[in-house]
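Engineer: Have a look at the structure that comes next, please.
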Amino acid sequence: MSKYDRAAESYQKRDLPPAPSITLVTTSLTIKLETRSKMRRIKELLNAKGVKYEHIDLALEDRGDEIAAKTGRREVPQLLVNGRFIGTADDVQEFEDEGALDGMLGLM
Numbered sequence: 000m001s002k003y004d005r006a007a008e009s010y011q012k013r014d015l016p017p018a019p020s021i022t023l024v025t026t027s028l029t030i031k032l033e034t035r036s037k038m039r040r041i042k043e044l045l046n047a048k049g050v051k052y053e054h055i056d057l058a059l060e061d062r063g064d065e066i067a068a069k070t071g072r073r074e075v076p077q078l079l080v081n082g083r084f085i086g087t088a089d090d091v092q093e094f095e096d097e098g099a100l101d102g103m104l105g106l107m
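Heads up: the sequence shown begins at 0 in numbering that gives the first Met the number 0, then just goes up one per residue.
Next up, the structure:
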């Protein structure tokens, strides 16, 4: 590795902001097709963007009250960035359509 490569690598590492903490809240215990579709849609969107996220499945983790206290909602899916409620699947899709989602996810 040349000194230019090392300098460029050092510069890039120093100037990158820390990646935001992204959390997706879902449940595997729903029979509503609409809810399943929304959960699948938001997962596919995040995966297509290459976003790393924590996945909380409320059917497996007893954190529903904790999440509801943070967001004021009990519906799923929910997306949180740095602990802040961003929205449900419809909200996230609207942000994507408006071109605002990448900035929220730290992709810009």
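From the three backbone atoms N, C-alpha and C, an ideal C-beta is built for every residue, glycine too. Being a predicted model, the structure only gives us computed values, none of them experimental.
Can you tell me where the beta strand (DSSP E) holding LEU104 begins and where it ends?
Structural biologist: Premise fails: LEU104 is in no beta strand (DSSP E) and is neither H nor E.
Engineer: Mind pulling the beta strand (DSSP E) runs of 3 or more residues that sit fully within the stretch 64 to 92?
Structural biologist: Listed in chain order, the complete beta strand (DSSP E) runs (minimum 3 residues) inside the stretch 64 to 92 are 77 to 80 and 83 to 87.
Engineer: DSSP beta-bridge partners for ILE41?
Structural biologist: Paired residue(s): none; ILE41 is not in a bridge.
Engineer: First and last residue of the beta strand (DSSP E) that includes ASP56?
Structural biologist: Residues 53 to 56.
Engineer: Below 8 Å, can you find three or more Cβ-Cβ pairs linking the stretch 87 to 100 to the stretch 31 to 42?
Structural biologist: Enough Cβ pairs lie closer than 8 Å, so yes.
Engineer: For VAL24, report the span of its beta strand (DSSP E) as first-last.
Structural biologist: Here the beta strand (DSSP E) through VAL24 covers 21 to 25.
Engineer: Pick out whichever of THR26, LEU104 and ARG35 has its Cα sitting closest to the Cα of LEU59.
Structural biologist: Nearest of THR26, LEU104 and ARG35 to LEU59, Cα basis: THR26.
Engineer: Pick helix, strand or coil for ASP96, following the three-state DSSP scheme.
Structural biologist: If DSSP states are grouped into helix, strand and coil, ASP96 belongs with the helices.
Engineer: Give a yes or no on whether the C-beta atoms belonging to LEU57 and THR70 are separated by under 9 Å.
Structural biologist: No, these two residues do not count as a Cβ contact at 9 Å.
Engineer: Going straight from the alpha carbon of ARG83 to that of LYS31, what length do you get?
Structural biologist: Spanning the two alpha carbons is a distance of roughly 26 Å.
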